[in-house]
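A.B. asks: Line by line, the protein sequences give chains A and B.
So for the first sequence, my numbering puts the first residue at 47; every next one is plus one.
So for the second sequence, my numbering puts the first residue at 24; every next one is plus one.
Submitted below is the structure of interest, expressed as structure tokens.
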Amino acid sequence: MTLALIAALPFLGAFLPALMLRAGRNASAASAFCVSALGFVLLCFQAPAVLRGEVVLASWQWLPALGLTLGFRLDGLGLLFAGLILGIGMLVILYARFYLAKSDPMGQFYTFLLLFQGAMTGIVLSDNILLLLVFWELTSLSSFLLIGFWSHLPAGRQGARMALAVTGGGGLALIGGMLILGQIAGSYDLSVILTKADLIQSSPLYLPALILILLGAFTKSAQFPFHFWLPHAMAAPTPVSAYLHSATMVKAGIFLMARLWPVLSGSPEWFWIVTGTGLATMLIGAKIAFFQNDLKALLAFSTVSHLGLITMLLGLGTPAAATVAMFHILNHATFKAALFLTAGIVDHETGTRDLARLGGLRRAMPLTFAIAAIASLSMAGVPPLNGFLSKEMMLEETLHAGYGPAWLLPALATFGALWSVAYSLRFLLHGFFGNPAKTPQKPHDPGIGLWAAPALLAGLVVLIGLLPMTSAAWLVNAAASATTGTVVAVKIAHWHGLTAALGMSLAALAGGAVLFALSPRLAALWNAAPRPDAKRIFDSAINGLARSATRLNDAAHDGSFTRATAIAIATITAAALCAFAGGSHAAGSRALLPVTPVPAIGWLLLVTAAALAAILHRNRLLSLLMVGVIGLILSVGFAWLSAPDLALTQITVEVVTVILMLLALHFLPKETPRESTTPRRIRDITLSGAAGLAIAALSYALMTRAPAFPPISAFHLAQSKPGAGGTNAVNTIIVDFRGYDTFGEIIVLGIAALIIFALTESLLAPGPASRRLAAFGASRPARAGDRHPLLMVMATRFLLPFALVVAVFIFLRGHNLPGGGFVAGLVVAIAYLMQYLASGLGWTETRQRIAFHSLIGAGVLVAGLTGAGAWLWGLPFLTSNYGYIHLWPLDAFEWATAAVFDLGVFLTVLGAVMLVLNSLGRLARRAGESVARTPYDLDMGEGL
Amino acid sequence: MEALVAIAIGLLTATGLYLILRQRTFPLVVGLSLVSYAVNLFLFASGRLAAGVPPIIDKAASGYTDPLPQALVLTAIVISFGMTAVIVIMALGAWFTGGDDHTDFSDGASGEGASGDRDA
Chain A
47 MTLALIAALP FLGAFLPALM LRAGRNASAA SAFCVSALGF VLLCFQAPAV LRGEVVLASW
107 QWLPALGLTL GFRLDGLGLL FAGLILGIGM LVILYARFYL AKSDPMGQFY TFLLLFQGAM
167 TGIVLSDNIL LLLVFWELTS LSSFLLIGFW SHLPAGRQGA RMALAVTGGG GLALIGGMLI
227 LGQIAGSYDL SVILTKADLI QSSPLYLPAL ILILLGAFTK SAQFPFHFWL PHAMAAPTPV
287 SAYLHSATMV KAGIFLMARL WPVLSGSPEW FWIVTGTGLA TMLIGAKIAF FQNDLKALLA
347 FSTVSHLGLI TMLLGLGTPA AATVAMFHIL NHATFKAALF LTAGIVDHET GTRDLARLGG
407 LRRAMPLTFA IAAIASLSMA GVPPLNGFLS KEMMLEETLH AGYGPAWLLP ALATFGALWS
467 VAYSLRFLLH GFFGNPAKTP QKPHDPGIGL WAAPALLAGL VVLIGLLPMT SAAWLVNAAA
527 SATTGTVVAV KIAHWHGLTA ALGMSLAALA GGAVLFALSP RLAALWNAAP RPDAKRIFDS
587 AINGLARSAT RLNDAAHDGS FTRATAIAIA TITAAALCAF AGGSHAAGSR ALLPVTPVPA
647 IGWLLLVTAA ALAAILHRNR LLSLLMVGVI GLILSVGFAW LSAPDLALTQ ITVEVVTVIL
707 MLLALHFLPK ETPRESTTPR RIRDITLSGA AGLAIAALSY ALMTRAPAFP PISAFHLAQS
767 KPGAGGTNAV NTIIVDFRGY DTFGEIIVLG IAALIIFALT ESLLAPGPAS RRLAAFGASR
827 PARAGDRHPL LMVMATRFLL PFALVVAVFI FLRGHNLPGG GFVAGLVVAI AYLMQYLASG
887 LGWTETRQRI AFHSLIGAGV LVAGLTGAGA WLWGLPFLTS NYGYIHLWPL DAFEWATAAV
947 FDLGVFLTVL GAVMLVLNSL GRLARRAGES VARTPYDLDM GEGL
Chain B
24 MEALVAIAIG LLTATGLYLI LRQRTFPLVV GLSLVSYAVN LFLFASGRLA AGVPPIIDKA
84 ASGYTDPLPQ ALVLTAIVIS FGMTAVIVIM ALGAWFTGGD DHTDFSDGAS GEGASGDRDA
């Protein structure tokens, strides 16, 4: 519980600083500080158990089907990292209070910072790797906000974008790697994964998983060749740089490698990739750092270099090397955060952080100088500071690498250390020694708010340096034991005798001093040599990607609907062809239905009508007529093929559809002009012909085979009567077995009708559409006078009650015989439509009492309430019930809740259909359709 | 009979797609109706063809056809109507708003009417 709280606290508290800002900047900072401090205290309460070697676990189910649990674990590794994240977090919050300018939105800053802190804490406390991925992505997002905090500066925006692109891209790779890892291990819980090293390393998927996971780790930890984003992220405010780019975010990749060290390390692949990358990063980062004039850029590249060092140590794959890595993580966090904060002070107090414009600050800023001296000498590896201890242990470990020539690794490591000494000296000597330079502001030491945090860190540097066994060994032991899975008891000492490592260390110090002495000449060489500009390469790569994406997009979808459709048809057909070519093609063996004359004639009609619909499509009315013919034959066909319900539905829907399209055609041009070129027509015929052929072949193959799996319909047929109380299996499926689908469907139908209503409203609103509608009415030629013929009016009036009775009949029999709510609704709709057609919209509308919207709403409500009624008996939604009622003199009369549900279907269908056609009718009225005052036309003018 | 039904499905698909590719809204609506028929018929055919054995439970029945595809197609028919209706009103809206019934935006002459009229 406490663990989850530690991870959740920063998120919960993230909005406090923004709220507290109203009470002043101190209150805002204090609230952020308290959130971090509370987390730190909670962590300390857990620490004793962890230091005893226990693993604190806490877990809740989240999405068990996916293997995703809210699982948290705290072991030595997590303790080290969580301690750094929360501890340095507090210091940075304190520092930022005094660092940020009055114009900076402080509440926002602390909110972002806490969000980031929560994401980082989540990573190091996750037990479930899917959960870890969630937090991992959150760090990418929240660091994007922090790096781009000064969003008015282009450098800030670009740096943030670059960091997001690189770390986010690595995150995608990591997702892939973690999923593979989880698949191999059979669980996404670290507690399980960490026990399956042999299984994972022997899997053929080990290498892909390793590479993907390392991509995630390397991008996050700015390893070569992904190191370029880190210096650009320095556009962030310095407290952010200190926090994200020394102590936390860049260490996330290191953490991940350490976390998965027991299962991934030890293989040659791991050694070569990780050690090689680490070494390359260490050397390249150190060399670039040496030539930087910007204090923060120097520190940024030195961070790259030190991260490379730690990566290299993890890559060696020995427990001893991993132990040194843990120790160096701790040391690096202390001295590097102190250095960043010092650089921030220099920038804040002098107005510049360009080494060429600085110098002699030791007199003006003695306190800052002291802190900088301690931290930078530690970075250089000068005894007795903590940087010396871990660096010498590192050099010692390189002597015991199991791969490659024995001299290579130590030599390169010493070379890297040598550059490290050189840039540390540059930071210290060029900044604080020499003649005082003229800076934009007169330099002086800052207030305690700014120096307290780096001073505390510098104190830690000295403390760990002087008393390593007392102050740090226990934490390193716990972290290393958790990382390696073996009990580690490290011995940290200043003097090991005259060892090779000591020689290497001395060589590095001496060589670094020489390099520093040569720095002006080397810098001239460096500036003269051409070198790749990472930002330009990155930008051009991104621009290239964006351009080609745009090109592809434009080619596939340039606003031409037919082109996009043609591409889709071609793609789908081609995919089907590929699938077909890859399968076996035995003929189907199912007994076929013999061809008899009457259905064959019907088929001939249907095929002719379909062909004519396409051939005669320019005459729109004829083409529409063909649609009607096809629909009618289909419904007859359904009846013949044992689907009476479908036949009823198809024929009623057909009537409504044709009326709808006729109404639309009333407004549209009656002919389609000939505008396609011949090649285009040939293309379209080929495409649609191929698609039709494919579908025909597929249907034939399907129908001539027995189903691959036994259909589930046997259940529905068997349960139709006993389970749902109806003998019409189709109807019982619709209103009972699959009632939930039907419920969804009537809602969709209702929504479609409302969309149509809304679109009509917008067309009728004053505007070009409305004007054009009116003009359309005025421009039409005179029509036949007999718009509401007496005969038709009389016939439809006569038919209305009969139609309604038929609808009731169809509705009631639906549960047992073909029929039901859908068909009944359509029949009533058609009967009403006839009245509209006979007497006109205006006349009919004035006699209509119930709005169609209400019918739709009522229908959905009735269906929903019927379903919810089952809750009263503690049953799931839409559980139906039925029984029999005896009403003399009638036969036993069945009632079923499903019938009430069907009533809802009926009402919705009726309302939807009527609303749709009514909307079109309203368009006609806007176009000048006059309202009939009498139900039918009486030609009285001339007679009287 | 299966072959005839398969041919019908194929032909309805082909003519429907051809009409959809005809660059005007009304053929598009007609074409979409034809494709809907084809799809419904295909879904129905997935229950295999059988004559004279409706899925109405009866002691005298010799057998039953598969009711599940029928239930699916029944709702599909009604939903097709809803979809057709929405597209019809969209076609009308485009026609009255832009004075144009092309389905393509193009930089060429055919698409100019739409944007030109809207500004007018």
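Glycine included, C-beta positions come from ideal geometry on N, C-alpha and C.
For clarity, every value in this text was computed on a predicted model and none was experimentally measured.
Please return the same chain residues whose Cβ sits closer than 8 Å to the Cβ of residue 202 of chain A, not counting the five positions on each side in sequence.
C.D. replies: Within the same chain, residue 202 of chain A has close Cβ partners 193, 194, 195, 196, 281 and 282.
A.B. asks: Taking the alpha carbon of residue 354 of chain A as the reference point, which residue from A:430, A:429, A:264 and A:368 has its own alpha carbon closest?
C.D. replies: Of the listed residues, the one whose Cα sits closest to residue 354 of chain A is A:264.
A.B. asks: Does the distance from the C-beta atom of residue 688 of chain A to that of residue 73 of chain B stay below 7 Å?
C.D. replies: The answer is yes: Cβ separation under 7 Å.
A.B. asks: With DSSP as the reference, please indicate the residues paired to residue 929 of chain A in a beta bridge.
C.D. replies: Note: residue 929 of chain A sits in a beta bridge opposite A:941.
A.B. asks: Classify residue 542 of chain A as buried or exposed, calling it buried when 16 or more other Cβ atoms lie within 10 Å of its own Cβ.
C.D. replies: Label assigned to residue 542 of chain A: exposed.
A.B. asks: Would you mind stating whether residue 128 of chain A and residue 96 of chain A have Cβ atoms separated by less than 7 Å?
C.D. replies: Not a contact, by the Cβ cut-off of 7 Å.
A.B. asks: Going along chain B, which residues have a C-beta under 7 Å from residue 762 of chain A?
C.D. replies: Chain B residues near residue 762 of chain A: 90 and 91.
A.B. asks: Taking Cβ-Cβ distances shorter than 9 Å, what residues in chain A pair up with residue 81 of chain B?
C.D. replies: Near residue 81 of chain B (Cβ distances below 9 Å), the residues of chain A are 773.
A.B. asks: Going by DSSP, which residues form a beta bridge with residue 235 of chain A?
C.D. replies: Paired residues: A:174.
A.B. asks: Give the residues of chain B in contact with residue 696 of chain A, contact being defined as C-beta atoms less than 7 Å apart.
C.D. replies: Neighbours of residue 696 of chain A on chain B, chain order: 100.
A.B. asks: Roughly how many angstroms separate the alpha carbons of residue 93 of chain A and residue 185 of chain A, rounded to a whole number?
C.D. replies: Computed Cα separation, rounded: 25 Å.
A.B. asks: CB-CB under 7 Å to residue 334 of chain A, same chain, minus the five flanking residues each way: which ones, in chain order?
C.D. replies: Taken in chain order, the residues that qualify are 347.
A.B. asks: Assuming residue 228 of chain A contacts residue 113 of chain A under a Cβ cut-off of 8 Å, what Cβ separation, rounded to an integer in Å, is found between them?
C.D. replies: Yes, residue 228 of chain A and residue 113 of chain A are in contact; Cβ-Cβ is about 6 Å, under 8 Å.
A.B. asks: Does the distance from the CB of residue 383 of chain A to the CB of residue 276 of chain A come in under 7 Å?
C.D. replies: Contact: no.
A.B. asks: Would DSSP call residue 338 of chain A helix, strand or coil?
C.D. replies: It is coil, neither helix nor strand.
A.B. asks: Can you tell me the Cα-Cα spacing of residue 788 of chain A and residue 965 of chain A, whole angstroms?
C.D. replies: Cα to Cα, residue 788 of chain A sits roughly 25 Å from residue 965 of chain A.
A.B. asks: Alpha carbon to alpha carbon, what distance is there between residue 388 of chain A and residue 198 of chain A?
C.D. replies: If you take the alpha carbons of residue 198 of chain A and residue 388 of chain A, they lie about 25 Å apart.
A.B. asks: Answer yes or no: does any C-beta atom of chain B fall closer than 7 Å to that of residue 607 of chain A?
C.D. replies: Cβ-Cβ to chain B under 7 Å: yes for residue 607 of chain A.
A.B. asks: Would DSSP call residue 604 of chain A helix, strand or coil?
C.D. replies: Looking at residue 604 of chain A - three-state DSSP - the assignment turns out to be coil, as it is neither helix nor strand.
A.B. asks: Is residue 735 of chain A close to chain B? Criterion is C-beta to C-beta, closer than 7 Å.
C.D. replies: Closer than 7 Å: yes.
A.B. asks: For residue 695 of chain A, which of A:244, A:727 and A:875 has the nearest alpha-carbon?
C.D. replies: For residue 695 of chain A, the nearest C-alpha among the options comes from A:875.
A.B. asks: Take every Cβ of the stretch 172 to 185 of chain A, pair it with every Cβ of the stretch 125 to 144 of chain A, and state whether three or more of those distances are shorter than 8 Å.
C.D. replies: With the cut-off at 8 Å, the stretch 172 to 185 of chain A and the stretch 125 to 144 of chain A do not touch.
A.B. asks: Taking DSSP as the reference, what is the three-state secondary structure of residue 352 of chain A?
C.D. replies: Correct three-state label for residue 352 of chain A: helix.
A.B. asks: Are the stretch 155 to 170 of chain A and the stretch 512 to 527 of chain A touching by the rule of at least three beta carbon pairs closer than 8 Å?
C.D. replies: With a cut-off of 8 Å, the stretch 512 to 527 of chain A and the stretch 155 to 170 of chain A do not count as touching, because too few Cβ pairs lie within range.
A.B. asks: Using the C-alpha atoms, what's the distance from residue 901 of chain A back to residue 660 of chain A?
C.D. replies: Looking at the two C-alpha atoms, the distance is approximately 38 Å.
A.B. asks: Can you find the residues in the same chain that come closer than 7 Å, C-beta to C-beta, to residue 884 of chain A, ignoring five residues on each side of it along the sequence?
C.D. replies: Closer than 7 Å at the Cβ level, and outside the excluded window around residue 884 of chain A, lie 834, 838, 839 and 842.
A.B. asks: Let me check understanding here. Comparing Cα to Cα, which of B:68, B:112 and B:57 lies closest to residue 753 of chain A?
C.D. replies: Checked all of B:68, B:112 and B:57; the closest Cα to residue 753 of chain A is B:68.
A.B. asks: Quick check on the burial criterion: 16 or more other C-beta atoms within 10 angstroms. Buried or exposed for residue 338 of chain A?
C.D. replies: Answer is buried; the Cβ neighbour count reaches 16.
A.B. asks: Flag residue 30 of chain B as yes when its Cβ comes closer than 6 Å to any non-hydrogen atom of the ligand ADP, and as no otherwise.
C.D. replies: As presented, the structure is devoid of all ligands, the ligand ADP included, so that no description of it is given.
A.B. asks: Here's a check: name, in chain order, each residue in its chain whose Cβ is nearer than 7 Å to the Cβ of residue 138 of chain B, leaving out the five neighbours to either side.
C.D. replies: Residue confidence for residue 138 of chain B is low, a pLDDT of 39 falling below 50, so the modelled location carries little weight and cannot support an answer.
A.B. asks: Where residue 589 of chain A and residue 582 of chain A are concerned, what is the direct C-alpha to C-alpha distance, given to the nearest angstrom?
C.D. replies: Taking the straight line from one Cα to the other gives about 10 Å.
A.B. asks: Strictly under 7 Å for the Cβ-Cβ distance: is residue 56 of chain B near chain A by that measure?
C.D. replies: Taking Cβ atoms only, chain A reaches closer than 7 Å to residue 56 of chain B, which makes this a yes.
A.B. asks: Taking C-alpha atoms, which residue in A:953, A:707 and A:669 lies nearest to residue 905 of chain A?
C.D. replies: Closest by alpha carbon: A:953.
A.B. asks: For residue 489 of chain A and residue 558 of chain A, I'd like the C-alpha separation in whole angstroms.
C.D. replies: The straight-line gap from Cα to Cα measures roughly 29 Å.
A.B. asks: Could you work out which residues of chain A lie near residue 66 of chain B, taking near to mean beta carbons separated by less than 9 Å?
C.D. replies: Those within 9 Å of residue 66 of chain B in chain A number zero; the least Cβ separation is about 10 Å.
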